[in-house]
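Protein chains: 2
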Amino acid sequence: MKTIAVDAMGGDNAPKAIVEGVDQALADFSDIAIQLYGDEAKIKSYLTATERVMIIHTDEKINSDDEPAKAVRRKKKASMVLGAQAVREKKADAVISAGNTGALLAAGLFVVGRIKGVDRPGLLSTMPTVDGRGYDMLDLGANAENSAHHLHQFAILGSFYAQNVRKINNPRVGLLNNGTEATKGDPVHKEAYELLAADTSLNFIGNVEARDLMEGVADVVVTDGFTGNAVLKTMEGTGLSILSALKSSIQSGGARAKMGALLLKPTLYNLKGIMDYSDAGGAVLFGLKAPVVKCHGSSDATAVYSTIKQVRTMLETKVVDQSVAAFTKVEKED
Amino acid sequence: MKTIAVDAMGGDNAPKAIVEGVDQALADFSDIAIQLYGDEAKIKSYLTATERVMIIHTDEKINSDDEPAKAVRRKKKASMVLGAQAVREKKADAVISAGNTGALLAAGLFVVGRIKGVDRPGLLSTMPTVDGRGYDMLDLGANAENSAHHLHQFAILGSFYAQNVRKINNPRVGLLNNGTEATKGDPVHKEAYELLAADTSLNFIGNVEARDLMEGVADVVVTDGFTGNAVLKTMEGTGLSILSALKSSIQSGGARAKMGALLLKPTLYNLKGIMDYSDAGGAVLFGLKAPVVKCHGSSDATAVYSTIKQVRTMLETKVVDQSVAAFTKVEKED
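In structure tokens:
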């Protein structure tokens, strides 16, 4: 039995969406137990599960506008911090939150702690491709800057994730760069290219460009946190802006456009499904001693459910333990 | 009368689309003359204009897979290089090409030359927003890395462009960063924030995030060349992937979807127009002694026409001369 700590108070739809997602997951997966951290009365009003679930009451929570590191240091009884603390004390195997991303990163780093040998954990998400296969990208913004050595570690971590959680054999690793030629990029990316090419444990396919990501050019895409964050936000912004432009264009297009939209509804819905990758779960702060996973702030019950499912797979496949073993080996060789 | 040198041999549809764009521009604008560089016989088969146009024949051209700097050094008679040479020798006032981007950047830097005081010219484009107003972003990839000082120069150059070419009064300048708070980013972006905030000649509105660009969060967006390149390619890739997913979704959606698409055709066409910003012209390598402008490789005659119109506005408003004066002043104050 694996135990997952869940911050019931984080995110726009908390605690309702969080608790409903937990209800669904407990019904579907008989091999997990859940600890819910937060306001007991509020949690109880949504909780239907009766077995393998435990509420740990707390009045404190971290708000979306709290300064992350400070909030984690000072709000020691916040639902998110108590969840991370449970992992540290081995009372839980993983922690999930839809709350303040920066605070969860800080709780992950300072409370759960890094794998020995991993210098900088990276934020990893499974991103959408047109064919539905997806790819894993890191770092999406846990770091404001990275060295070539960090990028090499991201490649190793990303490969473990793709192999274990997404069952991709010998995943193709690409380095996000400003051109596909081997000599492209700033000094950090040029050096990272050399490190990745020299590592025979990786299936490194070379540099990839941002314009080819949604076409599935690689299974794992490695990038520094600054660029990864910009690319992630550009994808979100472009996708949302196009959909909203389509919507307002339909609204101003008269009866003809409205009829067309009605007929196209299943098609447009399908399109929205491609852009919405919450089925793949949340963003993992990968490189820590246990899974620490961020659900999107606007997560509904289904997204929370998917994230619990994702964490369950991470625990089942022991992807973190494998990473620990790999980095211990590297440490010894150094 | 202003004279614009045009590389007739660059781009996927050269020389047809290039020459047809020139024909249109010469018919509409009686105050410009055009020099066409390339294969005389081929150019003549498309050229209808008879006045204010001159063909300078050359057999040599730069290919899309040529190594940029080397090609510019060795192919001294290439159509693109001759065009840049004409600007250097004051026989033309600006140069346009739809060919190899790297080679045009090299020709701009080494043949046309930088404005005194501008350390690194930046690639500037007018990018699409949902409301159609657009924003000017630089650097889109002329540089693989930039200092905070370069970013400050981009802000000054971008403001001049928005004011003069796009007639935006007191343009709002945003710094692309990984969060909106003043303290966000790596050391380069933190320092850039300080430099921009201290420059009272700029209407600096602070950090902006990539997800808000298409919503028109700023009139000028300043970024380093590595990030700018990644963001530009992400926008292109996301837009194209969504449209192609929509298309294949319609094709597999049966009669209902096809009828819907037919009714929605004007609406979808409108949407495509939002993503296609070729009306705003090409990408300017800004910070050089004269306008050096890149048309998209896949440009049709209309895109070439729009780029000639854009260059004409740059020459009319003397935006380069104003930049020269501004940077001369800064140099003297230093």
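Top line first, the protein sequences correspond to chains A and B.
Per the numbering used here, residue 617 is the first one in the first sequence, and the count goes up by one each step.
Per the numbering used here, residue 617 is the first one in the second sequence, and the count goes up by one each step.
Ideal placement from N, C-alpha and C gives every residue a C-beta, glycine not left out.
Here the structure is a predicted model, which is why all the values come from computation and not from measurement.
Cβ neighbours of Gln926 of chain B within its own chain (closer than 6 Å, five residues either side excluded): Gly897. Taken atom to atom, the span from the alpha-carbon of Pro882 of chain B to that of Tyr921 of chain B is near 24 Å. The beta-carbon distance between Ala764 of chain B and Ala808 of chain B, rounded to whole angstroms, is 4 Å. This is short enough to meet the 8 Å contact definition. Inside the region 662 to 717 of chain B, DSSP marks whole beta strand (DSSP E) runs of 3 or more residues at positions 669 to 673, 710 to 713, from first to last along the chain. In the DSSP annotation of this structure, the continuous segment of the alpha helix (DSSP H) that includes Ile634 of chain B starts and ends at 632 to 644.
Within the region 727 to 759 of chain B, the residues whose Cβ lies closer than 7 Å to some Cβ of chain A are Val746, Gly757, listed in chain order.
Residue contact with chain B for Ser857 of chain A: present (Cβ-Cβ distance below 8 Å to some residue of chain B).
With respect to the 8 Å criterion, Leu792 of chain B and Ala846 of chain A are classified as neighbours on the basis of their beta carbons. Cβ atoms of Asp639 of chain B and Thr664 of chain B come within 8 Å of each other, at about 5 Å. In this structure, the CA atom of Ser865 of chain B is about 13 Å from the CA atom of Leu879 of chain A. Your pair Tyr751 of chain B and Val669 of chain B does not check out as a contact, with CB atoms roughly 34 Å apart and the cut at 8 Å. Residues Asp623, Gly626, Met696, Leu720 of the same chain have their beta carbon placed closer than 6 Å to that of Ser713 of chain B, with the five preceding and five following residues left out of the count.
The C-beta of Val688 of chain B comes no closer than 8 Å to any C-beta of chain A.
With fewer than 16 other Cβ atoms inside 10 Å of its own Cβ, Thr666 of chain B counts as exposed. The alpha-carbon of Gly869 of chain A is positioned some 16 Å away from that of Asp747 of chain B.
Ranked by Cα distance from Ile672 of chain A, the first of A:Tyr662, A:Glu932, A:Gly699 is A:Gly699.
Classified as buried, Lys849 of chain A has 16 or more neighbouring CB atoms from the shown chains inside 10 Å of its CB.
Taking C-beta separations shorter than 7 Å and ignoring five residues to either side along the sequence, the partners of Leu904 of chain A in its chain run Gly724, Val728, Gly729, Arg730, Ile731, Pro737, following chain order. The residues Leu739, Ser741, Lys910, in chain order, have a CB closer than 6 Å to that of Ala899 of chain B in the same chain once the five nearest residues on each side in sequence are set aside. Counted as a single uninterrupted DSSP element, the alpha helix (DSSP H) harbouring Ala778 of chain B occupies residues 764 to 780. Boundaries of the alpha helix (DSSP H) harbouring Phe842 of chain A: 841 to 867, taken from the DSSP string.
Between the alpha carbons of Ala722 of chain A and Asn819 of chain A lies a gap of roughly 32 Å. Interface annotation, Leu880 of chain A: in contact with chain B, CB-CB separation under 8 Å.
Using a CB distance below 7 Å, the part of the region 828 to 861 of chain B facing chain A consists of Asp828, Leu829, Met830, Glu831, Phe842, Thr843, Asn845, Ala846, Val847, Lys849, Thr850, Met851, Glu852, Gly853, Thr854, Gly855, Ser857, Ile858, Ser860, Ala861, ordered along the chain. Sequence-ordered contacts of the region 805 to 826 of chain B with chain A read Glu825, Ala826 [C-beta pairs closer than 7 Å]. Ser775 of chain A counts as buried, since no fewer than 16 other beta carbons sit within 10 angstroms of its beta carbon. With a cutoff of 8 Å on beta-carbon distance, Tyr653 of chain A and Lys632 of chain A are scored as not near each other.
Using a Cβ distance threshold of 8 Å, Asp675 of chain A and Asn716 of chain A do not count as a contacting pair. Secondary structure within the region 866 to 910 of chain B: the alpha helix (DSSP H) runs of 4 or more consecutive residues, fully enclosed, are 870 to 891 (chain order). With a threshold of 16 other beta carbon atoms within 10 Å, Asn785 of chain A falls short and is exposed. Taking the Cα of Ala630 of chain A as reference, the smallest distance to any Cα among A:Lys658, A:Thr854, A:Tyr885 is reached at A:Lys658. The continuous alpha helix (DSSP H) containing Leu812 of chain B extends over residues 803 to 814.
With respect to the C-alpha of Asn886 of chain B, the residue from A:Gly876, A:Phe902, A:Ala861 having the closest C-alpha is A:Ala861. When the alpha-carbon of Thr843 of chain A is set against those of A:Glu636, A:Ala758, A:Leu859, the nearest one is in A:Ala758. For the region 758 to 772 of chain B, the set of positions with a beta-carbon nearer than 7 Å to some beta-carbon of chain A reads Ala760, Glu761 in chain order.
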